[in-house]
Structure formats: C-alpha cells, structure tokens
Ligand SMILES: CC(C)[C@H](C(=O)O)[C@@H](O)C(=O)O
Ligand code: SF4
C-alpha cells in the first residue's frame with residue numbers, strides 16, 4: 002500500500018519504512034514553536050513538575066511573543082518576561098513584536114518534509130510548504146522540549162481535489178470558508194487535508210497558507226500541499242533548502258475525497274458565532290458594522306494588504322467604522338511601506354498597528370464592545386472571541402472587509 006505525503010513525513014520522523022493510519026509512533030521533531038499564549042505555562046511545568054532537566058536541542062526551539070504585544074497589562078508583561086528569561090538562559094531563538102508566530106515560522110524556519118509541533122492550533126499553516134505542522138498543548142510541548150521526541154497517532158488523510166481557477170474578486174479565503182461551510186467544523190476531525198489537483202497549481206504559497214491555516218477550523222490534525230516548483234522557488238527566495246520533498250503515491254489510501262471547482266466559488270462570509278455558518282456575502286450585505294480588521298496569520302500578508310490598498314485608494318473609511326490594518330510580520334510591514342500602501346491606509350482613515358495577532362486574538366488590541374459588530378479576516382468568530390460576549394464577528398476576505406469598512410455595512414468589492 003502506498004503512502005500519502007503526511008504518512009511519509011511521519012515515517013521518516015519515526016525512522017521506519019512505512020506507517021498507516023491508526024499506528025502510534027515515537028517521532029523525532031524537526032522544530033517546535035511556542036508563543037505567549039501558553040509558553041509561561043510550559044515553563045512553570047518545567048520548573049515545578051520536572052525539576053528543570055536539560056533541553057534536548059534548544060536549536061530546534063522557537064519562542065515568539067505575538068499575541069499580546071506590546072504587553073497590555075502587568076500580567077502579560079510578566080508572562081513575556083518569563084519567556085524572555087527562559088529563552089536567554091537556554092539559547093532559544095526568541096522573537097518579540099516582529100510578527101505573528103506562523104508568519105515568522107514560514108518566513109524563517111519551515112522546510113518541506115519537516116515535522117513541526119507548535120503550541121498553537123494554527124501550526125497546520127506549514128503544510129503550505131509541504132511540512133507536517135500540528136498544534137499541541139503545553140504538556141506535549143514540554144515533553145518534546147526535554148526529549149526532542151513525541152508520540153503521534155498516524156491520522157487518516159482526506160484528499161481535496163481542486164479544479165479550475167478562482168474568478169476575479171474571489172479569494173483563497175472565500176474558497177477555504179466555503180470548504181469549511183460544506184464539510185462543517187468537525188468535517189475532518191484528526192485527519193489531514195491534502196490539497197491537490199490542477200487548481201492547487203494556480204495557488205501561490207500565500208494562498209496555500211490561507212487554506213492550510215484554517216484547516217484546524219474544520220478539526221484537521223494537519224493540512225498539506227505537495228512541495229512543487231511553486232513552493233520550492235518560494236523557499237529558495239527565502240534562502241532555504243527543503244529537508245525532503247515527498248509526494249503521495251498513486252495507490253496511497255484516502256479515507257475520502259472531495260472535489261471543489263474554484264470557478265464556482267463566490268465571496269462568502271461566516272456568520273457569528275460559527276465558522277461553518279457560511280453564506281454568500283451577498284446575503285449578509287447591508288448588516289451594519291462597527292469595526293473592520295485586516296490581519297492575522299490567516300490573512301495579514303502583502304497580498305491582502307494590496308487588496309485593501311487597491312480598494313481604499315481615493316476612498317475613505319466610513320465615519321462610523323474603526324478599520325484596523327495589521328501586517329502579519331515586520332517583513333510584510335516593510336514591503337507595504339515600500340509599495341506606498343501605508344500612505345493609502347492612513348489617508349483613508351484606517352488605523353495601522355504593529356505586527357501582532359491584534360483583534361483576531363481579542364484580548365489586546367481593538368476589542369469590541371457590547372453588541373458591536375466586527376467584520377474580520379481573523380480565524381475565529383465564536384462568542385466573545387473579539388471582545389464583549391454580546392458582540393458579533395463575521396469572517397470574510399480582505400476585499401469584503403475593506404469594502405464593508407468603506408460602506409459602514411457589509412458589502413462586497415463590486416458594490417464600491
Ligand atoms: C493562544 C493560542 C494557544 C491560540 C491557539 O491555539 O490557536 C490562539 O492563537 C488562537 O488563535 O486561538
Ligand atoms: S493571528 Fe489569530 S489565529 Fe493566528 S496565532 Fe494569532 S490569535 Fe491565533
């Protein structure tokens with residue numbers, strides 16, 4: 002029986018010839034990332050429950066402060082200090098205020114064929130480069146930190162065959178929200194979403210990140226694209242070589258297969274409070290909004306900033322709306338500066354913030370008040386995600402978010 006890309010990565014990490022879904026293996030981790038959401042808890046466990054043993058390989062560890070940065074109160078300042086001190090003591094790569102963890106990982110670390118654990122659910126993003134990334138809790142992270150290994154139950158793989166090409170005015174974000182709407186928030190629980198087909202070839206690494214990143218919102222253990230020439234040339238541009246490039250065998254086993262024709266996708270929104278409550282954006286048009294947000298590890302890259310700038314050029318953000326634009330990293334920020342996008346944002350009356358999770362995380366910047374409505378390119382829209390429990394979050398593409406910020410109510414770009 003052949004193997005899928007994910008199975009081949011796990012087999013290599015386990016040092017065995019082959020694996021199959023349902024097997025449990027001990028795997029060697031290529032890289033581990035943890036952010037300020039939970040690293041302080043891992044460090045506490047390390048000191049209190051393990052009596053501070055040696056770290057297996059600190060060169061494989063990356064700590065990133067991105068969720069509440071700069072610190073917004075003494076409690077988060079203390080968690081950051083704990084991370085900073087620990088990273089210094091153990092020579093761990095440490096990033097603070099330079100961008101959202103997954104964006105930093107993609108720009109600087111991830112390589113095709115790697116097995117990467119992150120103490121963050123959207124670690125599945127790394128599949129855009131043909132790596133197996135998955136989110137773990139603090140206990141598993143700590144175990145990996147001190148042993149360099151972990152256990153892994155080999156997941157089933159689901160094939161997503163993509164055909165056609167997205168039409169003008171339709172974005173990868175619409176495609177992925179549409180897919181989640183179709184398969185549901187539990188659609189691929191503990192399974193790998195493998196994207197392939199001629200439609201996959203029309204997607205850039207940025208586009209693939211949008212798809213892989215949101216996979217966990219359908220319950221996925223991981224998500225992956227084959228590291229093809231598009232991924233390899235992106236990697237080369239970023240000064241890295243693959244660890245190993247894997248392709249799925251002809252006779253690999255898939256638990257099921259779906260086909261999505263990209264030509265059929267239209268702009269959509271996910272309604273509050275469920276990511277899989279997806280409807281055509283046209284049906285939500287007219288809903289009054291208080292805040293709009295372009296940013297996050299899902300949708301805060303240069304592509305989305307360019308879309309926002311294109312629509313904002315010569316227009317103004319509605320008086321009744323706060324429009325937050327937050328680059329996913331400083332590299333994205335610098336690129337936007339170079340292209341003059343920041344001027345367009347400022348002239349239009351948007352609020353540009355430092356690279357961080359911002360209101361996607363909903364505990365630091367831009368939180369929304371009682372009964373307020375946010376339209377967001379963030380990852381989640383459950384009750385209270387962006388602020389007050391009575392507030393509401395619609396998820397949409399950067400184009401729909403920007404058009405809505407200009408109009409003051411949910412609108413699509415063709416309505417401008
Ligand atoms: C803080 C972190 C553990 C959390 C996650 O795991 O995803 C956050 O990034 C989120 O998006 O909700
Ligand atoms: S941007 Fe949002 S989804 Fe991504 S890591 Fe930050 S809080 Fe989590």
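In my numbering, the protein residues as written are 2 to 417.
All C-beta atoms in this analysis are idealised placements derived from N, C-alpha and C, irrespective of residue type, glycine included.
Would you tell me roughly how many angstroms separate the C-alpha atoms of residue 20 and residue 142, rounded to the nearest one? So the alpha carbons of these two residues sit roughly 23 angstroms apart.
Is the beta carbon of residue 302 less than 8 angstroms from the beta carbon of residue 207? A contact, by the Cβ cut-off of 8 angstroms.
Which residues have a Cβ closer than 7 angstroms to any heavy atom of ligand 1, listed in chain order? The filter returns 36, 38, 39, 68, 120, 121, 122, 123, 136, 358, 361, 362, 380 and 381, in chain order.
Which of helix, strand or coil does DSSP assign to residue 85? Helix, per DSSP.
Does ligand 2 have a heavy atom nearer than 7 angstroms to the CB of residue 298? Result yes, Cβ under 7 angstroms from ligand 2.
Could you check what DSSP says for residue 229 in three-state terms: helix, strand or coil? Reduced to three states, the DSSP call for residue 229 is coil.
Does the Cβ-Cβ distance between residue 374 and residue 288 come in under 8 angstroms? It is a contact, given that the beta carbons lie within the stated cut-off.
Is any heavy atom in ligand 2 found nearer than 7 angstroms to the beta carbon of residue 295? Because no heavy atom of ligand 2 lies under 7 angstroms away, the Cβ of residue 295 does not count as near it: no.
Report whether the distance from the Cβ of residue 103 to the nearest heavy atom of ligand 2 is below 7 angstroms. Inclusion of residue 103 in the 7 angstroms shell around ligand 2 follows from its C-beta lying nearer than that to a non-hydrogen atom of the ligand.
Endpoints, alpha helix (DSSP H) assigned at residue 335: According to the DSSP assignment, residue 335 belongs to the alpha helix (DSSP H) that extends over 331 to 339.
Select from 263, 2, 348 and 277 the residue whose C-alpha is nearest the C-alpha of residue 170. Nearest to residue 170 by alpha-carbon distance, out of 263, 2, 348 and 277, is 263.
Span of the beta strand (DSSP E) holding residue 132? Premise fails: residue 132 is in no beta strand (DSSP E) and is neither H nor E.
Go to residue 142, then tell me how far its alpha helix (DSSP H) extends in each direction, as first and last residue. For residue 142, the enclosing alpha helix (DSSP H) covers residues 139 to 148.
For residue 270 and residue 292, believed in contact at Cβ under 8 angstroms, the rounded distance: Actually they do not touch by this definition, with Cβ atoms about 15 angstroms apart.
Can you tell which of 379, 387 and 380 has the C-alpha that lies nearest to the C-alpha of residue 371? Answer by Cα proximity: 387.
Thinking just about the alpha-carbon of each residue, which of 344, 314 and 113 is nearest to the one in residue 407? Each of 344, 314 and 113 was checked against the Cα of residue 407, and the nearest Cα belongs to 314.
Assuming contact is defined by CB atoms lying nearer than 8 angstroms, are residue 225 and residue 136 in contact in what I supplied? Their beta carbons are not under 8 angstroms apart, which means residue 225 does not touch residue 136 by this criterion.
Work out the CA separation of residue 380 and residue 393 for me, nearest whole Å. Distance between residue 393 and residue 380, taken at the CA atoms: about 14 angstroms.
Measuring CB atoms only, is the stretch 59 to 71 touching the stretch 97 to 107, in the sense that at least three cross pairs come out at less than 8 angstroms? The stretch 59 to 71 vs the stretch 97 to 107: in contact.
Looking at the strands, I want to know which residues DSSP matches up with residue 152. DSSP, once it has assigned bridges, lists 27 as partnering residue 152.
Compute the Euclidean distance between the alpha carbons of residue 147 and residue 10, then round it to the nearest angstrom. CA-CA distance, residue 147 to residue 10, rounds to 22 angstroms.
At the level of alpha carbons, what is the spacing between residue 209 and residue 300? Near 11 angstroms, if we compare the C-alpha coordinates of residue 300 and residue 209.
For residue 275, three-class secondary structure by DSSP: Per DSSP, reduced to three states, the secondary structure at residue 275 is coil, with no helix or strand assignment.
Distance, residue 71 Cα to residue 175 Cα: The straight-line gap from Cα to Cα measures roughly 31 angstroms.
Suppose you measure from the CA of residue 81 to the CA of residue 41; what does that come to, to the nearest Å? The C-alpha of residue 81 lies about 8 angstroms from the C-alpha of residue 41.
Can you grab the Cα-Cα spacing for the pair residue 76 / residue 3, in whole Å? Whole-angstrom Cα-Cα distance: 51 angstroms.
State the DSSP-derived secondary structure class of residue 218, mapped to helix, strand or coil. Correct three-state label for residue 218: helix.
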